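Read in the numbering used here, the sequence shown has 690 at position 694, and its numbers run on one by one without any break. Using N, Cα and C, we set each Cβ at its ideal position, and we do this for glycine too. Computed from a predicted model, the values in this text were never measured in an experiment.
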Amino acid sequence: MFGVTVYAASTVWASFMFGLAVGSLLAGRVADRLRRPLVWFGVAEVLIAISALSTPIALAWLQDLYASLFPSLPNGLFAVTVARSAMALAVLVVPTVLMGATLPLVVKSSYFRARDLGQRMGLLYATNTAGAIAGTLFSGLYLIPQFGIQKSFVFAAAVNLAVAAVAIVTGLLTSRPDADRQTEAADGFEHAAAPRAVTGVTAAPPARIGGLSARGVVLLVFAVSGFASLALEVIWFRALVLLVRPTVYGFAMMLATLLFGIGAGSYLVTPLLKRERSWMLILAILELTLAIVAVLSIQMLVFHPPMVRWATPMIASIFPEFLAFSLVASILSILPSALLLGIAFPIGLHVWTGSREDTSAVAGRRLGLFYSLNLTGSIIGSLAAGFVLLPLLGSRSSLVAVSAVILASGVLLVAIAEARKQTRMVIGAAGVLAFVAAAALITDPFDLFLRLRYPNHQVLWREEGVQATVSINRAPGGMMVMTLEGNHQADDAPGMLATHRRIGHLPMVIHPQAREALVIGLGGGATAGAVSLHRGAEVDVVELSEAVVRGARYFASVNSDVLSRRNVHLRVDDGRNFLMLTPKKYDVITADLILPIHAGSGNLYSAEYFTLVKNALKDDGLALQWVWGTEAEYKTIMRTFLSVFPEATLWWDGSLMIGSKKPLVLRKADFDWKLGARREALEDVGLTSFEQLTRAYVAGPDEMRAFVGQGPILTDDRPLVEYFLSLPRDKDIDLRGLRGDVRSRIQ
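Shown next, in the form of structure tokens:
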């Protein structure tokens, strides 16, 4: 609804986490007073199911509202972000608050003393995370590609209802002991010293630091832990995508690895919490270790090539072979830190609730406060990493900065956990020195990626922008290459330039009098540059990434210096979002070469997207769409295009489709008039005569429909090409025999 910009995604993510935090805090405050919290957990699951089923309806209504309100919003990112935040909250607030409420309710439904909260929470946290892993892999690898997003909502709602039924029946058949329903006179949050259950038999550590009690320090540390964990996640994903293609499967592998580490760590440490140990000191040492492991996380990718060669045969028996690359990279860089994060959470909760005199009467409140503060830190961490740290500092310095925050929290815990000054000094100094040594060893993730994927390339320029990491490299043969998130986006080789220029020139020479043109995606600028050369053309260019815009200036000599042309008007925005909101009508709409298998690209190949394109065209307007892939991918995209543009035609080598509202007509007089103005530019793409244009014609709509046959189309609900493993991948496209007669179109 808001597009795929980082600003839009962060708005939705922050709204989601905000709801979880509020739900946890509110439910924690009331859970201690509920006689049957498991029944209320079941009620919450029922309401979550209802919310899931109503989400598509709410999204459709809000999309119409957003489109109607947008023209009246003040110009600028701030107003748009506020509007998006309000609408995201409107959709997400009910289900996310309910989701946040479930954890305190289900934990409270167990019969235990508050001092055992860390143990029970560790087991429940591990179990919940195991379910999250299953959901991530099942939905990403099977459910969405096979059944679509809408039916996936229905399936998830059915699971929620099944869980609710079990919880409600179980809750009604059991009851809590009267002793567990008593309410303590005080919350017990403040204690003069950390209890023996937490600190073992060592001398009592300092009761306060800077006005904070021992428990206050633990709360602060876990708010910081939430900040660090989400900031690290953003940094990891941005760094790993340079090495691993940005597909939905790659992201699923990364997320599943993170969740597995957290769940496994929580599960492994839970049985140990029954023993009396100096848990606060252990937590402090754990945080120091986490800081060192986190700062080294990306550096572990130097072992990636040999690990892939070793692991691929084993993993290929479970997953498709190409996923081995993503999985091994995730295991090397993410898993060690994720394990430590998982170990730390139940220990921290155990430390904070470890008083001997506590009963379960305050367990829900304590868990709710603890979890909500951790989630609040997560919100800040995700926003800070994406909007501040990465753009200002880059991946390497951002990783060091976030790891240093973890280090500081570990040092603070050492100061309050260990009474003996000399021991505090030794542990703290050892942690700091080890961290400094580790930070000095690491290389920039981009340099590491360049060495692994583009050896011998010389970096001319790069930027880790808010939206993407973009670089301009010089290849060994002298070719200049633009990479976007580590993937080859554009270059100045003659073949690539000709392809991009055809995407711009072809619809402009076919249209009888093209004036208003829209180009979705700037890339290296060759497509937009080609469009801008035509007589009388006014060109709007919509590009998602500001870093791509700055990188395109390096191609000025081959893109007609498009960014300096007066008839070119650039807008940094999501292309689809722009089409949804613009009132303008165009003679020509074309899109730069965009690979459909990349995550998020499917929304530029769906029937809904092509409908937006069609609605933004004038009655005689033309829309050009590049298409390629395996046979199944190619036919699915073409079938989708034909469903919206039934008069579509196919051109050149079969990679260019032109959609129109009316049957396409070719007029020699129109072509000759345009050729006279830009003969030199059209020579580069082999369009110097009307005969060359007609030879570029491949097929009309009847031939195209016969070629693609019956089958699925791409929709927002089922973005099959993004989930490309759901399509056959054993055949390359073969266009022999696909040929139409152009003579009927010539006037």
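Euclidean distance between Cα positions of residue i and residue j
i: V432; j: I231; result: 20 Å
i: V568; j: G424; result: 47 Å
i: W624; j: P592; result: 9 Å
i: L85; j: T125; result: 25 Å
i: S467; j: T479; result: 5 Å
i: L284; j: S225; result: 14 Å
i: L269; j: H346; result: 8 Å
i: F445; j: L297; result: 9 Å
i: R241; j: M13; result: 27 Å
i: A464; j: E481; result: 6 Å
i: A27; j: V89; result: 20 Å
i: V78; j: D668; result: 51 Å
i: T253; j: L403; result: 23 Å
i: L662; j: K727; result: 34 Å
i: L215; j: S374; result: 14 Å
i: E699; j: A82; result: 48 Å
i: E676; j: A486; result: 22 Å
i: F218; j: E627; result: 51 Å
i: V159; j: G96; result: 16 Å
i: A320; j: I311; result: 6 Å
i: P309; j: P301; result: 14 Å
i: L429; j: V39; result: 52 Å
i: L120; j: V103; result: 8 Å
Nearest to residue i (by Cα), restricted to the options the options
i: M539; options: I516, N555, S528, R546; result: Note that residue 539 is Glu in the sequence shown, not Met. The candidate whose alpha carbon is nearest that of E539 is I516.
i: A235; options: V704, P100, N483, V90; result: N483
i: Q454; options: F442, Q463, A628; result: F442
i: V93; options: A48, L137, R392; result: A48
i: M492; options: S262, V155, D588; result: D588
i: M634; options: V545, S135, L731; result: L731
i: I314; options: G24, A510, L137; result: L137
i: A426; options: T439, I412, G406; result: G406
i: Q146; options: D60, K658, T51, V237; result: T51
i: A513; options: G519, G525, G520; result: G525
i: A334; options: L251, L55, F318; result: L251
i: V162; options: A325, R549, E41; result: E41
i: A603; options: L58, E679, P715; result: P715
i: S221; options: L409, P724, T523; result: L409
i: E679; options: V422, S393, A494; result: A494
i: Y582; options: L608, N599, R562; result: L608
Nearest-angstrom Cβ-Cβ length linking residue i and residue j, presumed shorter than 8 Å
i: W622; j: A692; result: Contact flag wrong, Cβ pair sits at about 14 Å.
i: L566; j: I585; result: Not confirmed; about 16 Å, so no contact.
i: L279; j: I376; result: In fact, because the Cβ distance is near 21 Å, the residues do not count as touching under 8 Å.
i: R498; j: L395; result: That belief does not hold up - the Cβ atoms of R498 and L395 are roughly 42 Å apart, past 8 Å.
i: M504; j: V527; result: 6 Å
i: L660; j: R741; result: 6 Å
i: I654; j: A619; result: 7 Å
Residue i classed as buried or exposed, judged by whether at least 16 other C-beta atoms fall within 10 angstroms
i: R362; result: buried
i: N156; result: buried
i: G707; result: exposed
i: L169; result: exposed
i: G261; result: buried
i: T632; result: buried
i: F299; result: exposed
i: G733; result: exposed
i: T645; result: buried
i: D570; result: buried
i: I506; result: buried
i: T439; result: exposed
i: D536; result: buried
i: G474; result: exposed
i: S399; result: buried
i: W57; result: exposed
In DSSP terms, what residue i is bridged to
i: W622; result: L652
i: N469; result: V455, V477
i: R234; result: Looking at the DSSP assignment, R234 forms no beta bridge with any residue, so it has no partner.
i: L591; result: Paired residue(s): none; L591 is not in a bridge.
i: T586; result: V515, L620
i: I742; result: L662
i: D536; result: L514, H565
i: S645; result: According to the sequence shown, residue 645 is Thr rather than Ser. Looking at the DSSP assignment, T645 forms a beta bridge with I654.
i: D487; result: V477
Distance cut-off 7 Å: residue i Cβ against heavy atoms of the ligand SAM
i: G259; result: No copy of the ligand SAM occurs in the structure displayed, which carries no ligand at all.
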